[in-house]
Each structure stands twice: as C-alpha cells, then as structure tokens.
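Numbering (full-length UniProt numbering), first residue to last: 1 to 177.
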C-alpha cells in the first residue's frame, strides 16, 4: 500500500445547492513512499481540490483517502496526527505567512506539534539553511522580505514539521520564466 491512496474519491462543491459542481469524480490514485509525482491539468480540473484531500483540508463527498495506512476521517481523534504526516505548501505560499518574525513563522508548525523549544530551534535553523535563508533574516518580519524569500520561509515552515509527504501546489506559479 502506498503512502497516500485515494479510493473512489468524489468531491462536490456546493452539494445540495443550484451551484453544485463536481470537482472530483471517482478518482483512484496510489502514491508510493519516495515517489516524486506531478499532477497536471488545465485550470479548474481539480488538481488543488485533490491535494487538499491528502491532508484532510477537504472531506470527500464519497470515497476515502488513506495516508500511511490510516483512513482520514475514520477516527476523529487521529485526524490531527495524520495531518502532520502530509505537509502542504499552497499555490502562493507567501500568503501562509502571519507571524511577526521569520523565526516564529517557521517555528509555528513544530510548536503546535508540541515539540520542545530546543527541538524547535534546531528544526528552524536546519530548514532555513536547507531552503537557502540566511541566519540574519531570522528576526526580520517576513513581510519585509522579497517574494522569493517569503516563499522560502513558507516552505521552511512546512518542512520544519518533517512531514512524511511534502506537497507543493503549483510551486512555479508567479515565478519569472
């Protein structure tokens, strides 16, 4: 079994309204651990809707999603722990930033995981280095950074949680060709 599996996944926006729109219709996918995949399709084809199911941001209208052997939404008490396994960086990750400093923004996820201050500090510094952010940016406001630096901070924030799966939604959107 793969790290992420969708079985007969269907998702309908606006179910029960005149604006009902089927975004995903009976989708099946089995992603193996260590596999690097790309999901391609035209605008509005359901790519973002699909990946938002992988960490439980959206609940299927029907079908199921299994992450690392556990079905999302099968046990409400386990949902939070399962979500930590799948890191999602949105299409414009700079919109994910909200803390006063780069350090606090990157530390937000690990802090919510209940990690110790020492472990949080290690993860923040490691991921900053990994994404190419200089240590002197640590105490700066993320809103004073360039667009590219903001993206790196957002990506570092997700990576600092050390998810088993990292999903990037349109990682090249808005970048110069």
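Note that beta-carbon positions come from the ideal geometry of N, C-alpha and C, so glycine has one too.
In the structure shown, what three-state DSSP assignment does residue 7 receive? strand
I need the straight-line Cα distance from residue 17 to residue 52, nearest angstrom please. 22 Å
Length of the line joining the Cα atoms of residue 168 and residue 160: 15 Å
Hey, residue 110 and residue 151 are a contact pair by Cβ (cut 8 Å); roughly how many whole angstroms apart? Residue 110 to residue 151, Cβ: 19 Å. No contact.
Count the other C-beta atoms from every protein chain shown that fall within 10 angstroms of the C-beta of residue 54, then say buried if there are 16 or more, exposed otherwise. buried
Write down the C-beta distance between residue 79 and residue 72 rounded to the nearest angstrom, noting that I regard them as a contact closer than 8 Å. 7 Å
Can you tell me where the alpha helix (DSSP H) holding residue 62 begins and where it ends? It is not in any alpha helix (DSSP H) - residue 62 instead sits in the beta strand (DSSP E) that spans 62-67.
Outcome for residue 44 when other beta-carbon atoms lying within 10 angstroms are tallied against a minimum of 16: exposed
Can you tell me where the alpha helix (DSSP H) holding residue 79 begins and where it ends? 76-83
Beta-bridge partners of residue 70, as assigned by DSSP: 67
By DSSP, does residue 87 sit in helix, in strand, or in coil? strand
Thinking C-beta only, is residue 106 closer than 8 Å to residue 157? yes
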